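Taking it in order: structure first as structure tokens, then the write-up.
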Amino acid sequence: MNGRQGMGSILRFLRDTTYRNRLRRAREHALLCLFPRRCAFCGGVTVPRALLCGDCEGKAEAVFCAPRCLRCGRVLADCVCAQKERALPVLSVFSYHSAARGFLLRMKFHGEPGWAPSLGYAMADRLCTLRLAGDAAELRAWLFCAVPMTKRQERARGFNQSRLLAGYAAAWLGAAFMPGMLTKRCETKVQHGLPAEEREQNVAGAYAVPEAALVRGRKIVLCDDVTTTGATLRACAAQLLAAGAAEVVCLTFLETKLEASGVSHGAYTIPQ
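Numbering-wise (this note's numbering), the sequence shown opens with residue 3 and increments by one.
Below you can see the structure in the form of structure tokens.
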């Protein structure tokens, strides 16, 4: 066998679907050995593809959030944007006002980034379950990115929690993750301390897409840790769509219920 034939055999082997599936399962197994799945409610180790442990599955608070539209604020089933323009869906795993919040807060404010794999895997599972962006095989062709921080913000915390979640969600699905797809150009006020109308103004012009060629024509999953009014996600999605993205789906671990947060939700639009 000459060198060209040998290289051809190797390439055929690498293109073989069975081989790729085995490689993906081996990668998943390695990730789970290093970062065991943990129950999103009690924190105990659970079986590889289970989001909740057996003890927590029947709890009333373990309720998934309904997908909603970030343009009108309604659940997608009642979206009023469908006839006028394509809805911008946000998919969240749990309510912020459930026990799952504790693990995100431990990661975000108490220096425990080790929670990121389990929370990121949960986001990937939710995306596949809802199938709003296609099946798992199709999702591997999507690009994952995260809401960015400024360098000062990231230095202060030590990491960008949204970037960690996006990276693990992408890894779980075998999809590409591009952490530099979006950048944050300026400092902004903390969103959770602002009323809804000021949140839009606070993040206006704060985000940018450095290389539009990497975005053009691609389907993108935009990840963040929490959404309330969706102002930050809309600002980021607007830049991605302006850069030529074919579609944007937003994915978060928690969703704050507006009535519980004291923030009213008006009608919003994304610049076309």
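Virtual Cβ for every residue (Gly too), placed ideally from N, Cα, C.
Just so it is clear, the structure is predicted and the values come from calculations on it, not from any experiment.
Q: Evaluate contact between the region 139-157 and the region 101-113, counting only Cβ atoms and requiring at least three cross-stretch pairs below 8 Å.
A: no
Q: May I ask which residues mark the beginning and end of the beta strand (DSSP E) holding C147?
A: The count along the sequence shown starts at 1 and reaches residue 147 at position 145. Counting along the chain, the beta strand (DSSP E) containing C147 begins and ends at L145 to A148.
Q: Please classify E200: does DSSP put it in a helix, a strand, or coil?
A: As a first step, residue 200 must be located in the sequence shown, where it is residue number 198. Three-state DSSP puts E200 in a helix.
Q | Member of C252, K191, D226 and T190 whose CA lies at the smallest distance from the CA of S164 | A | The count along the sequence shown starts at 1 and reaches residue 164 at position 162. When only C-alpha atoms are compared, the closest one is D226.
Q. In or out: V211 buried (at least 16 other Cβ within 10 Å) or exposed?
A. Your numbering for residue 211 matches position 209 in the sequence shown. The residue in question, V211, is buried, as its Cβ has 16 or more Cβ neighbours within 10 Å.
Q) In the structure shown, what three-state DSSP assignment does K153 receive? A) Against the sequence shown, residue 153 aligns to sequence position 151. K153 falls in the helix class under three-state DSSP.
Q: Could you pull out every residue in the same chain whose Cβ sits closer than 7 Å to the Cβ of M151, ignoring the five residues on either side in sequence?
A: On the sequence shown, residue 151 is found 149 positions in, with the first residue counted as 1. If we look at M151 and ignore the five residues flanking it on each side, its Cβ neighbours are N162 and K186.
Q) Closest to A233 by CA distance: which of G176, Y209 and G160 is it? A) For this step, residue 233 is matched to residue 231 along the sequence shown. Answer by Cα proximity: Y209.
Q) Which residue comes first and which comes last in the alpha helix (DSSP H) that contains D127? A) Within the sequence shown, the letter at position 125 stands for residue 127. Where D127 is concerned, the enclosing alpha helix (DSSP H) stretches over A118 to L132.
Q) On the three-state DSSP scale, how would you describe K191? A) Here residue 191 refers to the residue found at position 189 when the sequence shown is read from its first residue. Looking at K191 - three-state DSSP - the assignment turns out to be coil, as it is neither helix nor strand.
Q: Please work out which residues of its chain come closer than 6 Å, Cβ to Cβ, to T2, disregarding the five sequence neighbours upstream and downstream, and give them in chain order.
A: Residue 2 falls outside the range modelled here, since the chain spans only 3 to 274, and no answer is possible.
(Q) Please classify G160 as buried or exposed, where buried requires at least 16 other C-beta atoms within 10 Å of its C-beta. (A) As a working mapping, residue 160 is identified with position 158 in the sequence shown. By the neighbour-count rule (16 or more Cβ atoms within 10 Å), G160 is not buried but exposed.
Q | Nearest neighbour of E189, chosen from V228, G207 and G182 [CA to CA] | A | Residue 189 sits at position 187 when you count from the first residue of the sequence shown. Of the candidates V228, G207 and G182, the one whose C-alpha sits nearest the C-alpha of E189 is G207.
Q. Under the rule that 16 or more other beta-carbon atoms within 10 Å means buried, what is V223, buried or exposed?
A. On the sequence shown, position 221 is the one that residue 223 refers to. Flag for V223 reads buried.
Q: In the DSSP assignment, find the unbroken beta strand (DSSP E) run with S94 in it and report its ends.
A: Sequence index remark: in the sequence shown, residue 94 carries index 92 (1-based). Segment P91 to S97, the beta strand (DSSP E) holding S94.
Q) Counting pairs of beta carbons, one from the region 239-246 and one from the region 164-179, are three or more of them closer than 8 Å? A) no
Q. Exposed or buried, R128, counting other C-beta atoms within 10 Å across all chains shown (16 or more means buried)?
A. By 1-based counting over the sequence shown, the position of residue 128 is 126. R128 comes out buried.
Q.
Distance check for L253 and A68, CA to CA, integer angstroms please.
A. The count along the sequence shown starts at 1 and reaches residue 68 at position 66. The count along the sequence shown starts at 1 and reaches residue 253 at position 251. Using only the alpha carbons, I get a separation of about 12 Å.
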